[in-house]
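J.:
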Amino acid sequence: MTLTTTSFDWVRQLVHRESAIVLQPGKEYLVEARLLPIARQAGLADVSQFVESVRSRPSPDDTRAIVEALTTNETSWFRDGDPFTALTSTVLPALLAARGPNERLQIWSAACSSGQEAYTIGMLLEDALPNAASRVSITATDISREMVQRTRAGRFSQLEVNRGLPAPMLVRHFVRAGNEWEVAPQLRRMVTASECNLAAPLPRMGPFDVVYLRNVLIYFDLPTKQAILRRVRDLMRPDGWLFLGAAETTLGVDDSWERVVVGRSSAYRPLKGK
Amino acid sequence: MTTIDTGERRRGADTRPVITELIDEATVEAIAQEAWISLVGEDEVLVPLPGEPVADPLSSWVDVVGPWTGSVVLTTGRRTAEELTRALLREHSPEVLEDEDVADAFGEIANVVGGNVKAALPGSSGLSLPDVGDAPALRNPEDVCRVDLLWRGETVSISVQGALPPLPAH
Amino acid sequence: MRALVIDDSRAMRRIVSGILEGLGYETRQAGHGREGLDVLETGWVPDLACVDWNMPVMDGLQFVSAVRSNPALRSMTIMMVTSESEHTQIVRALAAGAHEYVIKPFTADAIRDKLALLGLLPQEAVL
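Protein chains in written order, with the working numbering: chain L, 243 to 516; chain P, 19 to 188; chain U, 1008 to 1134.
1. Going along the chain, which unbroken runs of the alpha helix (DSSP H) with 4 or more residues stay wholly within the stretch 1052-1131 of chain U?
2. Using a Cβ distance threshold of 8 Å, determine whether the stretch 124-133 of chain P contacts the stretch 83-103 of chain P, with at least three qualifying pairs required.
3. Which stretch, first to last residue, makes up the beta strand (DSSP E) that contains residue 94 of chain P?
4. Which bits of chain U does residue 122 of chain P rub up against, with CB to CB less than 7 Å?
5. Quick one: does residue 130 of chain P have its CB under 9 Å from some CB of chain U?
6. Below 7 Å on C-beta distance, what does residue 37 of chain P contact in chain L?
7. Based on DSSP bridge pairs, tell me the residues matched to residue 434 of chain L.
8. Considering just the uninterrupted stretch of the alpha helix (DSSP H) at residue 391 of chain L, what are its terminal residues?
9. Does DSSP classify residue 70 of chain P as helix, strand or coil?
10. What residues in its chain sit with their C-beta under 6 Å from that of residue 1132 of chain U, if we drop five residues either side in the sequence?
11. Would you call the stretch 325-341 of chain L and the stretch 304-311 of chain L touching, i.e. three or more CB-CB distances under 8 Å?
12. By the 10 Å Cβ neighbour count, where 16 or more other Cβ atoms means buried, how is residue 507 of chain L classified, buried or exposed?
13. Rounding to the nearest angstrom, what Cα-Cα distance links residue 1119 of chain U and residue 1030 of chain U in this structure?
14. Please determine, among L/486, L/329 and L/284, the residue with the shortest C-alpha to C-alpha distance to residue 364 of chain L.
15. Less than 9 Å between CB atoms is the rule here; does residue 249 of chain L satisfy it with respect to chain U?
16. If you measure from the beta carbon of residue 1111 of chain U to each beta carbon in chain P, is any gap under 9 Å?
17. Taking its Cβ as the centre, do 16 or more other Cβ atoms sit within 10 Å of residue 53 of chain P, making it buried, or is it exposed?
18. Please classify residue 467 of chain L as buried or exposed, where buried requires at least 16 neighbouring CB atoms within 10 angstroms.
19. Closer than 8 Å, Cβ to any Cβ of chain P: which residues of the stretch 1024-1043 of chain U, in chain order?
20. What does DSSP give as the partner residues of residue 354 of chain L in its beta bridges?
21. Report yes or no: is there a C-beta of chain P within less than 9 Å of the C-beta of residue 1134 of chain U?
22. Please check if any C-beta of chain U sits within less than 9 Å of the C-beta of residue 416 of chain L.
23. Just to confirm my understanding: we take residue 429 of chain L, look at its own chain, exclude 5 residues before and 5 after, and list those with CB closer than 7 Å. What are they?
24. Are there 16 or more other CB atoms within 10 angstroms of the CB of residue 405 of chain L, so buried, or fewer, so exposed?
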């Protein structure tokens, strides 16, 4: 059963709205191929049925799964660059000064998807700190079990490792596994991946010094965004740092954060007394 | 001492691996799929199904020399090879395709597939420049990993085949 | 900005040149390392060289070594673009002086991403 025009158009608009990526007409094949695994996981036989079910009852998780499946080759390391360079240039030195020598820094990649963000953070820290594995722990969570498993496996294709990952970092932090690349054991040990639904009460985690909550709030309505930011704040250190997606802001959503310029990026810090 | 040939390869003093011990069809398929996405188009899909036997075959291949030695051979119909060439060249496609254009493009696809197959093998290996024409003969039927794929309904086969003939049976 | 594209496959040269021109580069092509050096010897020094590995006459690694041993070409960034993707091969290329390495199969975005990392995008990258 091929994707109907209406379904395809709906998917096209969704993807463009959430990721700015344009799916040209004629890419029905791509949509079919990429969404079939998710449709099957939802217990449906074909993509059209799945899309129709999501259209009639949209859920943030389903829409996010669709967008991610279609933009998967677009996912890159060091996405947007600056929020990661900010980590080593500004955030890390500030934290090391503020914390005791035996205190472990905790970082949370709160919508980790296939793990590129968590391992990007890990690589930067390994290159910046001697014994990074003993100084920092990285928690990676996602609502999708499949994504959590992918993050744990730490395996990426040739096409994926080409995207924004400097070659010297590739050879330092990855080993070959068949026709894929796998995160080296030391780096892999820095990251613990688990399932977590941001839109529900969160398990006890952290307290986190740094949180990356990038490009996931966009899928939720305002009350849920507010609830998520509150829950995230509750798991953060009072002097912690929050990074959102390049086009995202707490402005108009939650006034208990202070926006701070960090290099060419912005971070949000819990406002005292709020 | 008599050795019973059960059909399984017995290595004994011979340490030459056969390709099926080093790579599987799923990996070769994944390599081909990524090569197609990159070279032919992002929405291209290769379906792992046998198709019609190829009427007017053309092959391109690269040789791999290392702990395993052999060739990575792509075979498809001449017309399909021309379609692949046009897809690769996109807007740079000439009005009339010369044999040279097809050899160049089809050879480059073999280079990309072959280079990635080589990298999935253990150890370090050398890769030759691509060649195009009639497929090199199959030297050892036990030393082959072959996948048959459909691209836009046309058959494309990839054969990772050893260069060495089988050892004589005792 | 200028780029030199070196690959023995005419199709690949066109693909890579096309991507670079779309990013604002002026490009020239060469079919192997020796031809690439010939272009440089005319005094046309690019900001970027995209170099394949396996080529007749002079391969990419030899080209990289030749360029790196020439102080006059210090400003040139070298990015290998090749199907050679063994870990040891990439290490060798970087050790020989290549700045970046793009594995074939790549997408146009991969090249753009790498150029952004190197600060070699003629115009602001639009994500």
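The beta-carbon is built from N, C-alpha and C at its ideal position, and this holds for glycine as well.
T.: So, from the data block:
1. As far as the stretch 1052-1131 of chain U is concerned, its whole alpha helix (DSSP H) runs of at least 4 residues are 1067-1075, 1094-1103 and 1115-1125.
2. They touch, by the three-pair rule.
3. 88-95
4. 1016, 1017 and 1018
5. yes
6. Those do not exist, as residue 37 of chain P stays about 14 Å from chain L at its closest Cβ, beyond 7 Å.
7. L/381
8. From DSSP, the alpha helix (DSSP H) with residue 391 of chain L extends over 387-395.
9. coil
10. With a pLDDT of 38 at residue 1132 of chain U, under the threshold of 50, the predicted position of this residue should be treated as unreliable, though the coordinate-derived value follows. Excluding residues within five positions, the ones whose Cβ falls inside 6 Å are 1123.
11. no
12. Around the beta carbon of residue 507 of chain L, 16 or more other beta carbons lie within 10 angstroms, which makes this residue buried.
13. 8 Å
14. Checking every option, the nearest Cα to that of residue 364 of chain L belongs to L/329.
15. no
16. It does: the Cβ of residue 1111 of chain U has a partner Cβ on chain P nearer than 9 Å.
17. That one is buried.
18. The residue is buried, with at least 16 neighbouring Cβ atoms inside 10 Å.
19. Identification of residues in the stretch 1024-1043 of chain U having a C-beta nearer than 8 Å to some C-beta of chain P yields 1025, given in sequence order.
20. Looking at the DSSP assignment, residue 354 of chain L forms no beta bridge with any residue, so it has no partner.
21. Below a pLDDT of 50, predicted positions are generally treated as unreliable, and residue 1134 of chain U, at 34, falls in that range; the measurement from the model is reported next regardless. With 9 Å as the cut-off, residue 1134 of chain U does not count as an interface residue toward chain P.
22. Yes, residue 416 of chain L lies at the interface with chain U (some Cβ there is under 9 Å from its Cβ).
23. 361, 364, 365, 368 and 415
24. buried
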